[in-house]
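Undergrad:
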Amino acid sequence: MWPLLFWLFLSAGALVETALFLGQWGWLNRLGRNVPAELASLLPEGYGWWRGVTYARERLRVSLGLLLTRYAAVALAVGAGGLKAACRLAGAVSGSPFLAGFLLGAILTTAFALVELPWGVYGTFGVEARFGFNRSSPGLYLRDAFLKTALSSGLAGFLLGGASFLLGRPGGLPLALSGTAVFDVAAAFLLPRLVLPLFFRLRPLEEGTLKSRLESLFQRTGFSASSLQIADGSRRSTHGNAFFAGLGRSRRVILFDTLAERFPPGEAAAVVAHEIGHWKKRHVPAGLLHLFALQASLVLFAWFAWRAGGFSESFGLPGRPEAFAVMAYLVWGAMAGLLFQPLLSSASRCREFEADRYAAEQEGPDAMIGALARLATDSLAWTPSEPRYAAWYSSHPSVAERILALKDLKAAALSGK
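With the first letter of the sequence shown counted as 1, position 142 gets the number 141 in the numbering used here; the numbers rise by one all the way through.
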């Protein structure tokens with residue numbers, strides 16, 4: 000039963016996602032050089048519409064290649080014996096469930112990272128460079144790739160090793176659930192302190208008009224000025240960006256230097272207010288709860304399958320805990336992608352609208368509208384997505400949707416006076 004369920008969900012996921020990508024490809028082809036009527040009044044003068052559509056198509060091509068590569072890698076690992084060989088190697092190196100699980104998680108994560116690496120290289124030095132966005136050198140790119148793979152392998156190994164150790168032990172289920180929650184909170188707390196400095200040089204904002212504007216914003220919102228840091232994103236890309244990270248005293252708003260240096264102070268302040276809005280609206284804890292709910296469903300599924308018996312053996316794998324744990328993750332992942340991805344994307348888009356409204360309340364809707372328009376123009380991001388593709392994948396509403404919502408907010412405020 001289990002192999003049938005796995006291949007059914009894996010095949011369904013591949014077909015659904017490929018259909019969504021092909022629908023997006025057809026949508027972009029139909030857009031062509033003609034600006035949709037609903038966007039005509041929003042686009043800034045001189046914006047290269049066709050260049051933006053071409054950029055979206057090239058990025059989609061890379062994403063589709065990566066998607067199919069991932070599905071093929073999972074199918075080959077399970078069906079062609081790659082996973083069995085990795086399980087045997089891990090079990091031969093150590094009889095400890097934790098150490099064998101750690102090694103297996105590290106092996107598989109590294110293998111998948113190497114399989115995906117060519118698409119990342121092409122996306123950065125092919126597509127991004129062709130459109131003038133890439134600033135990363137090959138050396139910096141490889142350094143980043145090595146660090147990401149090392150961190151991912153270590154985390155995957157730790158989690159898989161922990162799961163292997165707890166399987167079947169008395170009290171293992173509540174320990175696994177509570178350990179997962181502690182891990183999520185610790186990871187969120189440590190991200191800005193330990194991980195971000197590995198990839199970015201972080202510095203406080205220098206004296207000037209923007210700092211004065213932000214100090215006023217911080218006083219109104221109760222946010223600490225020391226929690227804002229400027230990251231040297233310009234070493235890698237011309238894209239502007241900002242994001243919120245951390246919990247408690249480790250919380251940070253990270254503002255890329257590409258945004259801080261190019262945007263007018265009012266628009267940059269609106270972007271920071273948007274990120275503070277994520278904190279004020281408790282979006283980070285909400286995101287952690289969503290993550291924990293997914294992880295808890297995996298733990299419960301694994302516990303049920305373990306107690307039923309014969310799970311990993313049905314795939315031709317050893318009956319050891321680490322082999323069971325990784326296969327349980329693959330089966331659950333095939334199901335979860337189909338069941339939860341649209342829901343998570345929808346929740347994320349709702350949070351972005353809430354943060355936009357908060358920014359408009361703090362800095363005015365015009366400043367936030369200007370910031371969104373500038374971000375979209377600089378990054379060729381005005382091209383809308385096909386509705387079903389957007390519903391499945393988009394963590395953010397389209398720029399047009401966000402700007403129109405802010406215009407409605409402004410109109411409602413004016414009519415209420």
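Note that CB positions come from ideal geometry on N, CA and C, so glycine has one too.
Can you look up residue 255 in the DSSP assignment and give me helix, strand or coil?
TA: Numbered from 1 along the sequence shown, position 256 holds the residue referred to as residue 255. Reduced to three states, the DSSP call for residue 255 is strand.
Undergrad: Scan the region 275-328 and note each continuous beta strand (DSSP E) run of 3 residues or more that stays entirely inside, going in chain order.
TA: Counting whole runs of 3 or more residues, the region 275-328 contains no beta strand (DSSP E) stretch at all.
Undergrad: From what residue to what residue does the alpha helix (DSSP H) around residue 144 run?
TA: Start at 1 with the first residue of the sequence shown, and residue 144 comes out as number 145. It spans 137-165 - the alpha helix (DSSP H) in which residue 144 sits, taken as one unbroken run.
Undergrad: According to DSSP, which residues form a beta bridge with residue 198?
TA: Residue numbering aside, residue 198 sits at position 199 when the sequence shown is read from its first letter. Residue 198 is not bridged to any residue.
Undergrad: Taking the alpha carbon of residue 7 as the reference point, which residue from 368, 336 and 376 has its own alpha carbon closest?
TA: The residue given as residue 7 occupies position 8 in the sequence shown. The candidate whose alpha carbon is nearest that of residue 7 is 336.
Undergrad: Residue 350: buried (16+ other C-beta within 10 angstroms of its C-beta) or exposed?
TA: In the sequence shown, the residue the question calls residue 350 occupies position 351. That one is buried.
Undergrad: Start and end of the beta strand (DSSP E) containing residue 227?
TA: Stepping through the sequence shown from its first residue, residue 227 is reached at position 228. Residue 227 -> beta strand (DSSP E) spans 227-230.
Undergrad: Which value, in whole angstroms, describes the spacing of the CA atoms of residue 270 and residue 254?
TA: Start at 1 with the first residue of the sequence shown, and residue 270 comes out as number 271. Start at 1 with the first residue of the sequence shown, and residue 254 comes out as number 255. For residue 270 and residue 254, the distance between alpha carbons rounds to 9 Å.
Undergrad: Can you give me the start and stop residues for the beta strand (DSSP E) that residue 241 sits inside?
TA: Numbered from 1 along the sequence shown, position 242 holds the residue referred to as residue 241. That run of the beta strand (DSSP E) goes 241-244.
Undergrad: What residue from 405, 348, 367 and 333 has the CA that sits closest to residue 16's CA?
TA: What you label residue 16 is simply residue 17 of the sequence shown in a count that begins at 1. Nearest of 405, 348, 367 and 333 to residue 16, Cα basis: 333.
Undergrad: Taking all protein chains shown into account, decide if residue 364 is buried (16 or more other Cβ within 10 angstroms of its Cβ) or exposed.
TA: Along the sequence shown, read from residue 1 onward, the residue named residue 364 stands at position 365. It is buried - the Cβ of residue 364 has at least 16 other Cβ atoms within 10 Å.
Undergrad: Please state whether DSSP places residue 236 in a helix, a strand or coil.
TA: If you number the sequence shown from 1, residue 236 lands on position 237. Correct three-state label for residue 236: strand.
Undergrad: Within 10 Å of its beta-carbon, does residue 257 have 16 or more other beta-carbons around it, so buried, or fewer, so exposed?
TA: What you label residue 257 is simply residue 258 of the sequence shown in a count that begins at 1. Under this definition residue 257 is a buried residue.
Undergrad: Rounded to whole angstroms, what is the Cα-Cα separation between residue 243 and residue 380?
TA: Along the sequence shown, read from residue 1 onward, the residue named residue 243 stands at position 244. Along the sequence shown, read from residue 1 onward, the residue named residue 380 stands at position 381. Their Cα atoms are separated by approximately 21 Å.
Undergrad: Could you name the residues of the same chain whose beta carbon sits closer than 7 Å to that of residue 54, not counting the 5 residues immediately before and after it, in chain order?
TA: In the sequence shown, the residue the question calls residue 54 occupies position 55. The answer, listed in chain order, is 130 and 379.
Undergrad: Do residue 135 and residue 236 come within 9 Å of each other at the CB atom, strictly closer than that value?
TA: Translated into positions along the sequence shown, residue 236 becomes position 237. Translated into positions along the sequence shown, residue 135 becomes position 136. Contact flag set, yes.
Undergrad: Bridge partners for residue 133 per DSSP, in chain order?
TA: As a position in the sequence shown, residue 133 is number 134, starting the count at 1. Answer is 236.
Undergrad: Looking at C-beta atoms only, is the number of pairs between the region 108-124 and the region 65-76 that lie closer than 8 Å three or more?
TA: Contact between the region 108-124 and the region 65-76 is present, because at least three Cβ pairs lie under 8 Å.
Undergrad: Does the distance from the C-beta atom of residue 220 to that of residue 279 stay below 9 Å?
TA: One-based indexing of the sequence shown puts residue 220 at position 221. One-based indexing of the sequence shown puts residue 279 at position 280. Cβ distance < 9 Å, so residue 220 and residue 279 count as in contact.
Undergrad: Would you kindly work out how many angstroms separate the C-alpha atoms of residue 283 and residue 310, rounded to a whole number?
TA: Along the sequence shown, read from residue 1 onward, the residue named residue 283 stands at position 284. Along the sequence shown, read from residue 1 onward, the residue named residue 310 stands at position 311. Cα to Cα, residue 283 sits roughly 36 Å from residue 310.
Undergrad: Touch check for the region 189-201 and the region 221-231: three-plus C-beta pairs under 8 Å?
TA: Output reads yes: the region 221-231 touches the region 189-201.
Undergrad: Please check the pair residue 300 and residue 327, which I expect to be a contact at CB under 8 Å, by giving their CB distance rounded to whole angstroms.
TA: Reading the sequence shown from its first residue, position 301 is the one you call residue 300. Reading the sequence shown from its first residue, position 328 is the one you call residue 327. Correct: roughly 7 Å between the Cβ atoms.
Undergrad: Go through its chain and collect everything with a Cβ distance to residue 98's Cβ below 8 Å, but skip five positions before and after it.
TA: For this step, residue 98 is matched to residue 99 along the sequence shown. Only 92 and 160 meet the Cβ criterion.
Undergrad: Below 9 Å between beta carbons: does that hold for residue 366 and residue 276?
TA: Indexing the sequence shown from 1 puts residue 366 at position 367. Indexing the sequence shown from 1 puts residue 276 at position 277. For residue 366 and residue 276, no; Cβs fall outside 9 Å.
Undergrad: Going by DSSP, what residue range makes up the alpha helix (DSSP H) through residue 364?
TA: Working through the sequence shown from its first residue, we reach residue 364 at position 365. That run of the alpha helix (DSSP H) goes 364-377.
Undergrad: For residue 186, tell me which candidate among 249, 137, 209 and 49 has the shortest Cα-Cα distance.
TA: Looking up residue 186 in the sequence shown gives position 187. Comparing Cα positions, the closest option is 249.
Undergrad: Using three-state DSSP, classify residue 261 as helix, strand or coil.
TA: In the sequence shown, residue 261 corresponds to position 262, counting from 1. Residue 261: helix per DSSP, three-state reduction.
Undergrad: Buried or exposed for residue 208, please, with buried defined as at least 16 other CB atoms from any protein chain shown within 10 angstroms of its CB.
TA: Locating residue 208 in the sequence shown gives position 209, counting from the first residue. The residue in question, residue 208, is exposed, as its Cβ has fewer than 16 Cβ neighbours within 10 Å.
Undergrad: What residue range is occupied by the uninterrupted alpha helix (DSSP H) comprising residue 12?
TA: Along the sequence shown, read from residue 1 onward, the residue named residue 12 stands at position 13. That run of the alpha helix (DSSP H) goes 1-30.
Undergrad: I believe residue 329 touches residue 5 by the beta-carbon criterion, under 8 Å. Please report the beta-carbon distance rounded to the nearest angstrom.
TA: As a working note, residue 329 is residue 330 in the sequence shown. As a working note, residue 5 is residue 6 in the sequence shown. Going by Cβ atoms, the distance from residue 329 to residue 5 rounds to 7 Å, so yes, they are a contact pair.
Undergrad: In this structure, how does DSSP classify residue 36 when only helix, strand and coil are distinguished?
TA: On the sequence shown, position 37 is the one that residue 36 refers to. Helix.
Undergrad: Measuring only the C-alpha atoms, how far is residue 163 from residue 100?
TA: Residue 163 sits at position 164 when you count from the first residue of the sequence shown. Residue 100 sits at position 101 when you count from the first residue of the sequence shown. Those two C-alpha atoms are separated by around 6 Å.
Undergrad: By the 10 Å Cβ neighbour count, where 16 or more other Cβ atoms means buried, how is residue 239 classified, buried or exposed?
TA: What you label residue 239 is simply residue 240 of the sequence shown in a count that begins at 1. When all chains shown are included, residue 239 counts as buried.
Undergrad: Taking the continuous alpha helix (DSSP H) assigned at residue 177, which residues delimit it?
TA: In the sequence shown, the residue the question calls residue 177 occupies position 178. Note, residue 177: alpha helix (DSSP H), 171-189.
Undergrad: Report yes if the C-beta distance between residue 76 and residue 110 is below 9 Å; otherwise report no.
TA: Here residue 76 refers to the residue found at position 77 of the sequence shown. Here residue 110 refers to the residue found at position 111 of the sequence shown. Cβ distance < 9 Å, so residue 76 and residue 110 count as in contact.
Undergrad: Buried or exposed: residue 245, going by 16 or more other Cβ atoms within 10 Å of its Cβ?
TA: For this step, residue 245 is matched to residue 246 along the sequence shown. So residue 245 counts as buried.
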